[in-house]
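Protein chains in written order, with the numbering used here: chain A, 329 to 578; chain B, 862 to 1126.
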């Protein structure tokens, strides 16, 4: 039995009277590729922000990399990487300036940061564009730069919150190539949120969420077998009574 | 602290890229000197106590500090809109470190701009402060930038979006400028406005600058009106209070998730 990278116990969050996340119990193993599948407004981003210590839980507890998210938020933030739905890079700075800025925020000394930044921009196909302002980069390259920023401090757990939102199919494929290579190289735990079934398909395990609740959890194959259907889309429909593609309903 | 340094460096790099902002901040006090100076100088004329343009000099430096530091701190609003603030919030640093970095960035920017303007402005109005007075003026610039940067952070954290920015300009920046003693002595104001002036950090900064630069006119009542020690203490107080108040506001849930959630819910 491998150690748990993420454990949530009764984790929940309310925004005023809105119950964004009800009561989540979840264990993600070290090195696992874990997917959180659900429509927009299902509570996926809230879950990620709770686990990443950006939000304080209303109820329950969670540990990430062995650290309690409420009591030891700095330790949690030290061991995680987080790529948001939208870019967090400063569009007016160059790729390299952004990565140097991030390196300082993560307290990496220059002698460590400089070679690491160089290796990352090469690995992520940004070397030619490293001195260009982020503003001038394509959406796919920006996301690759975001991912480089998230990997700079060599996190043990990488959160990807709808990482391919707004990307064209080619940029999407190349981003997934990058993520696959990162996982193979380092045994990184990846926690992905998505509303695309095809992105959840390659996950080791998938948690299906709807209206702030966990409705199913298992390997994609098990979910389909136990539900008696052929696709994760149908799993969602069977477990919730409504189709996954109906987005924006919250 | 490396993170604080990183935040300051980013502010400087951004400022250097914005040519228009640099030129505006350097040019603004001279526009005031020429146009407001001409008008008020005519009103002041005949009293022969002080050339209004000389009287204006410390206030104009205070104005440079205000625009420089306040606008730098208010860039936190842009950071939040553009998502950059989230990169900072997910870094393993305390909220107070972020506030300190932003305030020090504002301090460096405000002070640098004011020093550049002072180097051009003071010879122009024939003010030649002694070394000691020059150092006191420098201290005034640094402390005022820090205090305004910290207060600006609280404002930035309280503003929901850039649309409210015009409101801040009208109801904070301009009253702050006019009630600072930059353009006329605070003692001529009525009791209510004078009270407002004394909760204005810029008023203490300008007062300290007047102690440093207009000491020769102390007899005529144009130098600082308060004790310089009170000025220093008030500026330090605003800086500390601003930083303490801004730190928790920066991480407020609205900054990260809640707006995103509302948009979709």
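Every residue gets a Cβ at the ideal spot worked out from N, C-alpha and C, and that includes glycine.
By the C-beta density criterion, residue 466/A is exposed, having fewer than 16 other C-beta atoms within 10 angstroms.
In the DSSP annotation of this structure, the continuous segment of the alpha helix (DSSP H) that includes residue 564/A starts and ends at 560-568. In the same chain as residue 529/A, and ignoring 5 residues on each side of it, the C-beta atoms closer than 6 Å to its own belong to 548, in chain order. Here residue 1092/B carries a helix assignment [DSSP, helix/strand/coil]. Burial check for residue 521/A: the Cβ neighbour count within 10 Å reaches 16 or more, so the residue is buried. For the segment 937-952 of chain B, the set of positions with a beta-carbon nearer than 7 Å to some beta-carbon of chain A reads 943, 944, 945, 947, 948, 949, 950, 951 and 952 in chain order. Under DSSP, residue 485/A shares a beta bridge with 408/A and 517/A. The count of Cβ pairs closer than 8 Å, one atom from the segment 544-561 of chain A and one from the segment 397-416 of chain A, stays below three, leaving the stretches out of contact. For the pair residue 515/A and residue 342/A, the Cα-to-Cα distance works out to about 34 Å. Boundaries of the alpha helix (DSSP H) around residue 921/B: 913-943. When rounded, the separation of the alpha-carbon atoms in residue 359/A and residue 426/A is 28 Å. Residues of the segment 426-451 of chain A with a C-beta atom less than 7 Å from some C-beta of chain B are 429, 430, 432, 433, 434 and 435, listed in chain order.
For residue 564/A, the closest Cβ of chain B is not nearer than 9 Å. Contacts with chain B (Cβ-Cβ distance below 9 Å) from the segment 399-419 of chain A involve 401, 402, 403, 404, 405, 406, 407, 408, 409, 410, 412, 413, 414, 415, 416, 417, 418 and 419, listed in chain order.
For the pair residue 362/A and residue 519/A, the CB atoms are nearer than the 9 Å cut-off.
Residue environment analysis places residue 1049/B among the exposed positions, since fewer than 16 neighbouring C-beta atoms fall within 10 angstroms of its C-beta. By the neighbour-count criterion, in which a residue is buried when 16 or more other Cβ atoms sit within 10 angstroms of its Cβ, residue 469/A is buried.
Rounded to whole angstroms, the separation of the alpha carbons of residue 417/A and residue 474/A is 7 Å. Bridge pairing for residue 346/A: 343/A [DSSP].
Around the CB of residue 1061/B, 16 or more other CB atoms lie within 10 Å, so the residue is classed as buried. With fewer than 16 other beta carbons inside 10 angstroms of its own, residue 1035/B counts as exposed.
Residue 883/B has a beta carbon lying at 9 Å or more from every beta carbon in chain A. Closest option to residue 476/A, judged by alpha-carbon separation, among 461/A, 510/A and 572/A: 510/A. Excluding sequence positions up to five before and after residue 472/A, its CB lies within less than 8 Å of the CB of 452, 453, 454, 502, 503 and 506, all in the same chain and listed in chain order. Between residue 1096/B and residue 1008/B, the alpha-carbon positions lie close to 6 Å from each other. Ranked by Cα distance from residue 347/A, the first of 483/A, 541/A and 551/A is 541/A. Each of 989/B, 869/B, 1106/B and 1098/B was checked against the Cα of residue 918/B, and the nearest Cα belongs to 989/B. In the displayed model, residue 399/A falls within coil according to three-state DSSP, outside both helix and strand.
The C-beta of residue 477/A comes closer than 9 Å to at least one C-beta of chain B. For residue 380/A, the C-beta contacts it makes with chain B under 7 Å involve 951, in order along the chain.
Chain B has no Cβ within less than 9 Å of the Cβ of residue 506/A. As the crow flies, the alpha-carbon of residue 1103/B is around 14 Å from that of residue 937/B. Rounded to the nearest whole angstrom, the CA to CA distance from residue 871/B to residue 429/A is 7 Å. In the assembly as shown, residue 942/B is an exposed residue. Its beta-carbon has fewer than 16 other beta-carbons within 10 Å. Burial check for residue 884/B: the Cβ neighbour count within 10 Å stays below 16, so the residue is exposed.
Per the Cβ contact rule, the segment 939-953 of chain B is not in contact with the segment 895-905 of chain B (fewer than 3 Cβ pairs under 8 Å).
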